[in-house]
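Trainee: Take a look at the following structure, please.
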Amino acid sequence: MMRALLLVDIQNDFLPGGALAVVDGDAVVPIANALMPIFEHVVASQDWHPADHGSFAVQHHGFEPFQVTQLDGLEQILWPVHCVQGKSGASFASALEVAGIDHVVRKGMSPLIDSYSAFFDNGHRQATGMFEHLRAIGVDDLFVMGLAADVCVKYTVLDALAAGLATTLITDGTRGVEMHRGDTTAAIQAMQAAGASTVVSESLLGR
Ligand code: VGL
Ligand code: ZN
Numbered sequence: 003m004m005r006a007l008l009l010v011d012i013q014n015d016f017l018p019g020g021a022l023a024v025v026d027g028d029a030v031v032p033i034a035n036a037l038m039p040i041f042e043h044v045v046a047s048q049d050w051h052p053a054d055h056g057s058f059a060v061q062h063h064g065f066e067p068f069q070v071t072q073l074d075g076l077e078q079i080l081w082p083v084h085c086v087q088g089k090s091g092a093s094f095a096s097a098l099e100v101a102g103i104d105h106v107v108r109k110g111m112s113p114l115i116d117s118y119s120a121f122f123d124n125g126h127r128q129a130t131g132m133f134e135h136l137r138a139i140g141v142d143d144l145f146v147m148g149l150a151a152d153v154c155v156k157y158t159v160l161d162a163l164a165a166g167l168a169t170t171l172i173t174d175g176t177r178g179v180e181m182h183r184g185d186t187t188a189a190i191q192a193m194q195a196a197g198a199s200t201v202v203s204e205s206l207l208g209r
């Protein structure tokens, strides 16, 4: 089988101090750096919103971050402004060894729809090109890690499984937003129930 490592949204705004900080989110960076050299292929996604993206609470009069509304017919959690195209919050974590990444897809560019998965927007209306890339390089065995476990990592893993890829979540390589306590555990259970395997990075590194 041909393996690839997929790094989901390891960006400044999801690290401690960022606009949509994930507790302990920076802990995934050294794990990504250690794993990259042992994979044949390393790909990454980057949340990449226009400044007026419809997932931002400030775009909705009377709403606060983490409230829920509708966006173009889909239920939408409203977020703080984050990962704005070209801003430092949207950059990959500064400690991430980006030279090890072979291919990046950006997502969340259309103002009227959010895109949690690295493969499709939330309505499965448009693909990001990541499947086409993985198919072109012959990947059938995908290892996923990054941020956030209960949002973008979860939907990335579910889409990969639905497309027939053998998919493994690297459990110590992810952390959750935890809007509600237990969201991360529930997300990992949902990924496993859909067919995901789980592994800890140490076992991949042979330690
Ligand atoms: C993400 C919320 C909004 C993520 C992206 O990368 O998990 N979460 N946009
Ligand atoms: Zn986003």
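Note that the working numbering has the sequence shown beginning at 3, numbered continuously upward.
The C-beta atom is built at its ideal place from N, Cα and C for all residues, glycine as well.
(1) Relative to the alpha-carbon of C154, which residue among L9, M4, M3 has its alpha-carbon at the smallest distance?
(2) Would you kindly work out how many angstroms separate the C-alpha atoms of M38 and I103, rounded to a whole number?
(3) Excluding five sequence neighbours on each side, which residues of the same chain lie with their C-beta closer than 7 Å to the C-beta of V100?
(4) What did DSSP end up calling R127 once you bin it into helix, strand or coil?
(5) What are the residues that DSSP puts in a beta bridge with A168?
(6) Would the beta-carbon of V159 fall within 8 Å of that of A198?
(7) Taking CB distances under 8 Å as the criterion, tell me whether F16 reaches chain C.
(8) Cα separation between N14 and V44?
(9) Using the Cα positions of H126 and D161, report the straight-line distance between them to the nearest angstrom.
(10) Exposed or buried, what is L167 when buried is set at 16 or more other beta-carbons lying within 10 Å of its beta-carbon?
(11) What runs of the beta strand (DSSP E), each 3 residues or longer, lie entirely inside the segment 44-102?
(12) With I12 and L206 assumed to form a contact (beta carbons below 8 Å), what rounded beta-carbon distance in angstroms separates them?
(13) For the beta strand (DSSP E) that contains H105, what are its first and last residues?
(14) How should T186 be labelled, buried or exposed, when 16 other C-beta atoms within 10 angstroms of its C-beta is the threshold for buried?
(15) Taking F145 as the reference, give the member of G178, T200, D28 with the closest Cα.
(16) Which residues does DSSP list as the beta-bridge partners of L149?
(17) Grouping DSSP H, G and I as helix and E and B as strand, with all else coil, what is V201?
Mentor: Put simply:
(1) By alpha-carbon distance to C154, the top candidate from L9, M4, M3 is L9.
(2) Going from the Cα of M38 to the Cα of I103 covers about 8 Å.
(3) So the qualifying residues of the chain are F94.
(4) coil
(5) Under DSSP, A168 shares a beta bridge with D143.
(6) Between V159 and A198, the C-beta spacing is below 8 Å.
(7) Going by chain labels, chain C is absent from the structure shown, which holds only one protein chain.
(8) 19 Å
(9) 10 Å
(10) buried
(11) 70-73, 76-79, all fully within the segment 44-102.
(12) Not really, about 17 Å apart at Cβ, beyond 8 Å.
(13) 105-109
(14) buried
(15) T200
(16) R177
(17) strand
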